[in-house]
Each structure stands twice: as structure tokens, then as C-alpha cells.
Amino acid sequence: MGRTNPTYRDLFSSLADRWATFRRALRSRDQPRFDQLFDYAREHADASGLLNHQEPLLPALVSIDLEQERRLDEHERRLALVEQRLADSESGDEED
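Reading the sequence shown from the start, the letters are residues 59 to 154 in this note's numbering.
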């Protein structure tokens, strides 16, 4: 027997198709960023599919938010390391 509902991946693919005109209208410098957002959403397609939401854009947006939060956390971690190294370097200079 066939499925009565399309899979999330099918719905997401349709969503991406509907946004294709918007993507083409973007400046070329922004198109890769737009594509990256859709890649973020695809990364969480399994979880989004389990949600079985009627509007695929909502789980896609949450997926994008999750990926951006992950990136922010990584940038904050790296910044803290740089700041710590700078502080260590400055305190070493003061001892000389």
C-alpha cells in the first residue's frame, strides 16, 4: 500500500522548488547563502519528518535556527580561546 501523506523530504523538495524564483532574484553573492539555509534544513530532515507537520516551512526554519545556533556556539568557543590566548600572551609580556 502507498503512503497517504507525502514524506517530509518530498514536501521539502516542493518547498525548495517554490522558492526557486526567489533564489534566482537574489544577487549572486546571496545565492550561496540561501542555498546554505536550505542545506541546514535538509540536515534535520529526519527529525522534521517525525514531526509530520502540515507546513514544511516551519520545521525547516527551526532546523535552520538550530544550525545557526550551533555555528554561534562554535564561534563563541573559538573567540573565547583567542581571548584566553591573548590574555595569556599579555600577562606573559608583563612578567618580562
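Just so you know, even glycine gets a beta-carbon here, dropped at the ideal spot from N, CA and C.
These numbers were taken from a predicted model, which means no experiment stands behind them.
Per DSSP, the unbroken alpha helix (DSSP H) holding glutamine 94 starts and ends at 89 to 101. Beta-carbon to beta-carbon, glutamate 125 and glutamate 101 are separated by about 6 Å, close enough to satisfy the 8 Å threshold. By the neighbour-count criterion, in which 16 or more other beta carbons inside 10 Å mark a residue as buried, leucine 84 falls on the exposed side. If only uninterrupted alpha helix (DSSP H) runs of at least 4 residues are considered, those enclosed by the stretch 100 to 139 are 103 to 109. Rounded to whole angstroms, the Cβ separation of alanine 105 and phenylalanine 70 is 12 Å, and the two are not in contact under 8 Å. Apart from the 5 residues on each side of it in sequence, leucine 115 sits with its Cβ closer than 7 Å to the Cβ of Leu73 in its chain, given in chain order. For aspartate 97 and aspartate 146, the gap between their C-alpha atoms comes out near 39 Å.
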